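Numbering (numbering that gives the first Met the number 0), first residue to last: 0 to 401.
Note that the Cβ used here is the ideal one computed from N, Cα and C, for glycine as well.
Predicted model only: the values in this text are computed from it and were never measured.
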Amino acid sequence: MITTTEALESVLAAMPLFSSESIPAAAATGRVLRQTIRAERDQPPFDRVMMDGIAFSWSDFDGGLRQFPVQAAQAAGDHTLRLDSGHCIEIMTGASLPENADCIVPVEHIQITDGKAEIESSYEVKIRRFIHPRGSDFAQGAHLLQPGKRVSPMDIAIIASCGETDVNVTIDPVIRVVSTGNELVPSGQAVEAHQIRLSNGPALIALLVSHGYRRCQHDHIVDDIDVLRERLAEHLDQASVVVISGGVSMGRADYVPQVLTELGVEVIFHGISQRPGRPMWFGKGPKDQVVFALPGNPVSALICCRQYVIPALGKASGARETPPEIASLASNFSFKPKLTCLQPVKLISSAAGQLLALPVETNTSGDFASLSATDGYIELARDQTDFPSGTPALLHRWNMHP
Ligand code: AMP
Ligand code: MG
0 MITTTEALES
10 VLAAMPLFSS
20 ESIPAAAATG
30 RVLRQTIRAE
40 RDQPPFDRVM
50 MDGIAFSWSD
60 FDGGLRQFPV
70 QAAQAAGDHT
80 LRLDSGHCIE
90 IMTGASLPEN
100 ADCIVPVEHI
110 QITDGKAEIE
120 SSYEVKIRRF
130 IHPRGSDFAQ
140 GAHLLQPGKR
150 VSPMDIAIIA
160 SCGETDVNVT
170 IDPVIRVVST
180 GNELVPSGQA
190 VEAHQIRLSN
200 GPALIALLVS
210 HGYRRCQHDH
220 IVDDIDVLRE
230 RLAEHLDQAS
240 VVVISGGVSM
250 GRADYVPQVL
260 TELGVEVIFH
270 GISQRPGRPM
280 WFGKGPKDQV
290 VFALPGNPVS
300 ALICCRQYVI
310 PALGKASGAR
320 ETPPEIASLA
330 SNFSFKPKLT
340 CLQPVKLISS
350 AAGQLLALPV
360 ETNTSGDFAS
370 LSATDGYIEL
380 ARDQTDFPSG
390 TPALLHRWNM
400 HP
């Protein structure tokens, strides 16, 4: 059986590169940029005044002038005025610096009487103080955002500042999420004593949506080989990504691998030396569709989705890789099987600011209720059984960090 690392490598290697599209910039949060965003102008585009007050010339002040007749007022958005020698201009935050002016004194340190502004005698005037020089943040043409950047709200400010109305981003792929099992009953329908509620489909979709993939459609398929064949054929026809839960283990009704093979989906692996999620199946269809068949147990399904599906979609979207995150075990932990342990954890920070991962016991891989208290899971090496408190481990948060 392959390792978690090998499984992830082969999943990533099998992913196509999704196409791109132009969308309104306002709708781009969470999407992956496929273009460079270049500065439209210098930032700030002019010497920008940073205080409400008066603007005057250093040479007048240096020559001994302390009382400045107010020539005019200039607010943010007003045309740039030209300062006359021996005068001052009343100035507002955000205004462009008047021509010939190079000193700003804030309003708190001046007094205006009879049209003349007088500077407080104790105030230390400094040339060019409170002036945000043109181009000091960035120059026109600077590459502010590169392809592969997932657009954050901060990036929206950059895109808007460059005057862009539309941006080129990766398409939001259509993802079909399939829950298999005769025993499953969705919310809103009567459930009998021997049945269970269908929870994987909604949870997997919510996880995908939280990572920016919004075009997910759900289907519930019973454990009937003919129905499964017909419905999966349709999903493979309609979507480039299919995520299935259940039906991949060794049970008599676990038809998913067989049906996928019949439909021309080539198996890349079946089984990973990890717990939970050992039975996971992954393959590639005749039209390059990728098929993730996750075990039905709710904890396994969610962990396999976060571990393999989310990074795979990031790769196919052209997203820049995020650096791995490490947390230290907050308590001693032991895990006997010779499998990589994917252990759900709650994150806490130590008084010294260290990120600590506190293992949260799940009763079985069906115990999804305990996952609510977790922030993600850590990966513990398969060739080790005892992990002392403080052991560093690879952390995977349920939700992306920026
Ligand atoms: P399976 O992988 O199909 O053998 O399912 C393993 C376990 O997970 C069984 O107890 C199923 O009832 C349960 N299960 C499978 N799919 C779901 C689902 N969509 N929602 C909740 N539980 C599920
Ligand atoms: Mg099943």
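- The DSSP-derived three-state label of K314 is helix.
- For ligand 2, no non-hydrogen atom lies closer than 8 Å to the CB of D385.
- When distances are taken from the beta-carbon of R277 to the heavy atoms of ligand 1, even the shortest one reaches 8 Å or more.
- For E8, the enclosing alpha helix (DSSP H) starts and ends at 3 to 13.
- A residue is called buried when at least 16 other Cβ atoms come within 10 angstroms of its Cβ; M279 meets this threshold and is buried.
- If one requires a minimum length of 3 residues, the beta strand (DSSP E) runs lying completely within the segment 133 to 188 are 142 to 144, 165 to 169, 174 to 179, in chain order.
- Per the C-alpha coordinates, the member of V359, L207, V344 positioned closest to A300 is L207.
- Taking a 10 Å sphere around the C-beta of Y122, we find fewer than 16 other C-beta atoms and assign the residue as exposed.
- Distance check between C87 and each of L394, D154, A100 places A100 closest, using alpha-carbon atoms only.
- Collapsing the DSSP output to three states places S198 in coil.
- Judged by the Cβ position, A252 qualifies as a neighbour of ligand 2 at the 8 Å threshold, a heavy atom of the ligand being closer than this.
- DSSP places S330 outside both helix and strand once states are collapsed to three, so it counts as coil.
- Between Q139 and D41, the CB-CB gap stays under 9 Å.
- When beta bridges are read from the DSSP output, Q110 appears opposite E117.
- Excluding five sequence positions before and after Q273, the CB atoms of its chain that fall closer than 7 Å to its own CB belong to T3, L338, T339, L341, given in chain order.
- In this structure, I220 and T179 form a Cβ contact; the two beta carbons are roughly 5 Å apart against a cut-off of 8 Å.
- The DSSP assignment places complete alpha helix (DSSP H) segments of no fewer than 4 residues inside the segment 234 to 299 at 255 to 261, in order along the chain.
- For the 9 Å CB-CB criterion, I22 and V166 form a contact.
- The residue among M249, L96, G29 with its C-alpha nearest the C-alpha of I155 is G29.
- A residue is called buried once 16 or more other Cβ atoms fall within 10 Å of its Cβ, and Q306 is buried on that count.
- With a cutoff of 9 Å on beta-carbon distance, L354 and A326 are scored as near each other.
- The beta carbon of R33 sits closer than 7 Å to the beta carbons of S19, P146, N167, V168, T169, G317 from its chain, once the five residues preceding and following it are set aside; these are given in chain order.
- Collapsing the DSSP output to three states places R37 in a strand.
- Per DSSP, the unbroken beta strand (DSSP E) holding D218 starts and ends at 215 to 220.
- Between the C-alpha atoms of F55 and I90 there is a straight-line separation of about 10 Å.
- In the three-state reduction of the DSSP assignment, D385 falls in the strand class, which pools E and B.
- In the DSSP assignment, the residues bridged to A72 are E89.
- Annotation for Q194: E182, V184 place their beta carbon closer than 6 Å to its own, counting only its chain and skipping 5 residues before and after.
- Per DSSP, the unbroken alpha helix (DSSP H) holding F60 starts and ends at 57 to 61.
- Between ligand 1 and the CB of V247, the shortest heavy atom gap is smaller than 8 Å.
- In the three-state reduction of the DSSP assignment, Q306 falls in the helix class, which pools H, G and I.
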